[in-house]
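Reading through the structure tokens given below for one structure.
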Amino acid sequence: MNSRFIRSISSSRCDGKSENEMNNGDEESSKHPLVSILSTRGGDGHNSYSTNSLLQRRVLSMTKPILVKNTIEMMTNLEFPECIKLADLGCSSGQNTFLVMSEIVNTINVLCQEWNQNPPEIDCCLNDLPNNDFNTTFKFLTFFNDKLTSKIPCFVSGVPGSFYSRLFPRKSLHFVHSSYSLHYLSKVPDGLEKNKMSLYITSSSPPSEYNAYINQFVRDFTAFLRMRSEEMVSNGRMVLTLIGRKTLDDPRYRDCCHWLTLLSDSLCDLVYEGLVSASKVNSFKVPFYDPNEEEVKEIIRNEGSFMVNDLEPHVFDLGLSKEEYGLQSDRGKAGEKEANCIRAVTEMMLVSHFGDAINIDTLFEKYAHHVSQHASCKNKTSVSLVVSLIRK
Numbered sequence: 193m194n195s196r197f198i199r200s201i202s203s204s205r206c207d208g209k210s211e212n213e214m215n216n217g218d219e220e221s222s223k224h225p226l227v228s229i230l231s232t233r234g235g236d237g238h239n240s241y242s243t244n245s246l247l248q249r250r251v252l253s254m255t256k257p258i259l260v261k262n263t264i265e266m267m268t269n270l271e272f273p274e275c276i277k278l279a280d281l282g283c284s285s286g287q288n289t290f291l292v293m294s295e296i297v298n299t300i301n302v303l304c305q306e307w308n309q310n311p312p313e314i315d316c317c318l319n320d321l322p323n324n325d326f327n328t329t330f331k332f333l334t335f336f337n338d339k340l341t342s343k344i345p346c347f348v349s350g351v352p353g354s355f356y357s358r359l360f361p362r363k364s365l366h367f368v369h370s371s372y373s374l375h376y377l378s379k380v381p382d383g384l385e386k387n388k389m390s391l392y393i394t395s396s397s398p399p400s401e402y403n404a405y406i407n408q409f410v411r412d413f414t415a416f417l418r419m420r421s422e423e424m425v426s427n428g429r430m431v432l433t434l435i436g437r438k439t440l441d442d443p444r445y446r447d448c449c450h451w452l453t454l455l456s457d458s459l460c461d462l463v464y465e466g467l468v469s470a471s472k473v474n475s476f477k478v479p480f481y482d483p484n485e486e487e488v489k490e491i492i493r494n495e496g497s498f499m500v501n502d503l504e505p506h507v508f509d510l511g512l513s514k515e516e517y518g519l520q521s522d523r524g525k526a527g528e529k530e531a532n533c534i535r536a537v538t539e540m541m542l543v544s545h546f547g548d549a550i551n552i553d554t555l556f557e558k559y560a561h562h563v564s565q566h567a568s569c570k571n572k573t574s575v576s577l578v579v580s581l582i583r584k
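Take any residue in the sequence shown, note its place counting from 1, add 192, and you have its number in the numbering used here.
Now the structure itself:
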């Protein structure tokens with residue numbers, strides 16, 4: 193075909209669940225309303241995710257070699273199928289998801305030319321939670337069209353739903369991508385103590401708190417792998433990127449410039465100034481876990497459906513250049529950039545929990561200040577973990 197096809201639809205997928213299972217999912221959402229709106233700030237305004245996702249864009253650039261390598265291996269091992277189904281899980285809103293999709297499509301096109309093969313039709317499925325701003329994403333279809341270097345017919349659809357459940361028909365997916373999404377849990381772990389103003393694990397956390405988080409991550413990541421194992425063809429590929437941590441003796445240790453430590457400090461500032469109640473902060477926990485390499489490998493090995501093809505840790509620095517950490521004024525600008533980035537991914541959670549009891553602008557002014565105060569921190573524990581998997 194000489195024409196390029198791009199179709200945009202927002203549709204649910206058959207997930208094979210019974211009505212009782214669907215009702216249980218509704219009950220789970222009602223018990224954990226914070227997670228049910230775990231979405232980034234929509235639109236394309238000053239505080240939107242679309243405007244403040246440069247970090248994620250730089251992470252995508254960093255992972256390009258693994259993405260290209262696994263696309264090539266997938267196509268050759270599957271002997272150039274006539275139709276390829278791709279999925280970006282946790283696509284969020286904005287153009288970043290199309291950077292991934294265009295990279296995969298262009299790689300397939302070049303490979304087909306090199307091997308003298310007819311290019312396949314490609315189904316690009318963009319997934320996120322139902323409250324995600326898919327409308328803003330689909331506004332970038334023209335951007336996707338411009339990024340493509342070929343006339344391979346591509347069909348783009350939106351798939352609302354949690355990737356901890358079934359999203360696609362059995363044995364239909366050839367390639368799955370997910371970036372900076374899997375560190376978010378399906379729910380806030382049960383049994384967390386609520387007597388200190390900390391949103392997440394710290395060195396002073398009791399062992400029970402760390403155990404609650406790691407156990408929830410094991411359950412969620414295992415469920416994610418199991419769902420994808422049902423949906424993917426044999427020899428299909430996944431490339432997953434998530435925030436992780438370096439392996440240290442104390443699994444509870446998080447550095448002073450960990451993004452959730454800084455957010456906790458900023459909320460504490462508001463408490464000390466009488467701008468929000470301590471009880472409200474004490475009851476706020478973030479459904480997030482940053483695993484180390486060994487934890488990720490062990491879960492994959494125990495679930496058993498996938499083989500690890502690549503596993504690489506990369507520096508996590510929120511994408512800010514070292515030059516921005518010179519003069520105090522430059523530190524302030526760098527702090528503001530990081531604050532805008534974190535605000536874009538947490539504002540919906542914060543508003544859901546605190547409501548009118550918190551001033552978001554003031555909170556992230558505090559956050560930017562804390563970033564600038566910790567700009568010289570060199571002992572960072574956070575890394576970006578990039579893992580590619582092969583469906584057995």
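No residue lacks a Cβ here, since even glycine has one placed at the ideal position from N, Cα and C.
Just curious, the beta strand (DSSP E) that residue i is in, first and last residue?
i, result
"K277", "C275 to L281"
"H506", "F498 to V507"
According to the neighbour-count rule (16 or more other Cβ atoms, all chains shown, within 10 Å of its Cβ), is residue i buried or exposed?
i, result
"H366", "buried"
"H561", "buried"
"T453", "buried"
"L440", "exposed"
"V579", "buried"
"V507", "exposed"
"E423", "buried"
"P483", "buried"
"V464", "Before going further, note that residue 464 is Tyr rather than Val in the sequence given. Y464 is exposed by the Cβ-count criterion."
"A549", "exposed"
"W307", "exposed"
"D218", "Its pLDDT being 43, under 50, D218 is placed unreliably by the model, and nothing is read from it."
"S456", "buried"
"T299", "buried"
"T329", "buried"
"F336", "buried"
"S238", "Note on residue identity: the sequence assigns His, not Ser, to residue 238. Burial call: exposed."
"C316", "buried"
"Q248", "buried"
"G518", "In this prediction, G518 scores a pLDDT of 47, lower than 50, which makes its location untrustworthy; the coordinate-derived value is nonetheless stated afterwards. Exposed is the call here."
"V500", "exposed"
"N244", "buried"
"R233", "buried"
Based on the DSSP output, what are the partners of residue i in its beta bridges?
i, result
"M540", "Answer by DSSP bridge pairing: none, since M540 is not bridged."
"C569", "For C569, which the question treats as bridged, DSSP gives no partner whatsoever."
"G436", "V575"
"D320", "P352"
"Q430", "With the sequence shown as reference, residue 430 is identified as Met, and Gln is not the correct amino acid for it. According to DSSP, which records beta bridges pairwise, M430 is partnered with V368 and L581."
"F347", "D315"
"K480", "With the sequence shown as reference, residue 480 is identified as Phe, and Lys is not the correct amino acid for it. Partner(s): Y376."
Which whole-angstrom value is the C-beta distance of residue i and residue j, which I expect to be below 8 Å?
i, j, result
"K599", "E295", "Past the boundaries of the shown model lies residue 599; the chain is included only from 193 to 584, so the question cannot be answered."
"R429", "L581", "7 Å"
"N262", "V431", "6 Å"
"F332", "Q287", "4 Å"
"Y356", "D412", "6 Å"
"L577", "E485", "7 Å"
"F416", "L374", "7 Å"
"P311", "N301", "6 Å"
"C448", "H566", "6 Å"
"A536", "Y241", "4 Å"
"L318", "V351", "7 Å"
"K584", "N474", "Not really, about 45 Å apart at Cβ, beyond 8 Å."
"I314", "I276", "5 Å"
Are residue i and residue j closer than 8 Å when you measure CB to CB?
i, j, result
"Q408", "P381", "yes"
"F476", "H545", "yes"
"L321", "S231", "yes"
"V292", "D280", "yes"
"F591", "K339", "Residue coverage of the chain in this structure runs from 193 to 584, which leaves residue 591 outside it and unanswerable."
"V563", "P505", "no"
"I393", "E401", "yes"
"F498", "S421", "yes"
"L270", "N427", "yes"
"Y445", "T573", "yes"
"R469", "K558", "The identity of residue 469 in the sequence shown is Ser, whereas the question assumes Arg. Not in contact: S469 and K558 (Cβ atoms no closer than 8 Å)."
"I491", "T414", "yes"
"I552", "L542", "yes"
"G282", "S364", "no"
For the alpha helix (DSSP H) that residue i lies in, which residues bound it at each end?
i, result
"D457", "W451 to Y464"
"R411", "P399 to E423"
"R493", "E485 to E495"
"I264", "K256 to N269"
"A549", "Looking at the DSSP string, A549 is not in any alpha helix (DSSP H), and its letter there is neither H nor E."
"D298", "It should be noted that the sequence gives Asn, not Asp, for residue 298. Residues N288 to E306."
"F335", "L333 to K339"
"K472", "A470 to N474"
"F326", "F326 to F330"
Does residue i come within less than 8 Å of chain B when only Cβ atoms are used?
i, result
"V368", "The structure shown contains no chain B, having only a single protein chain."
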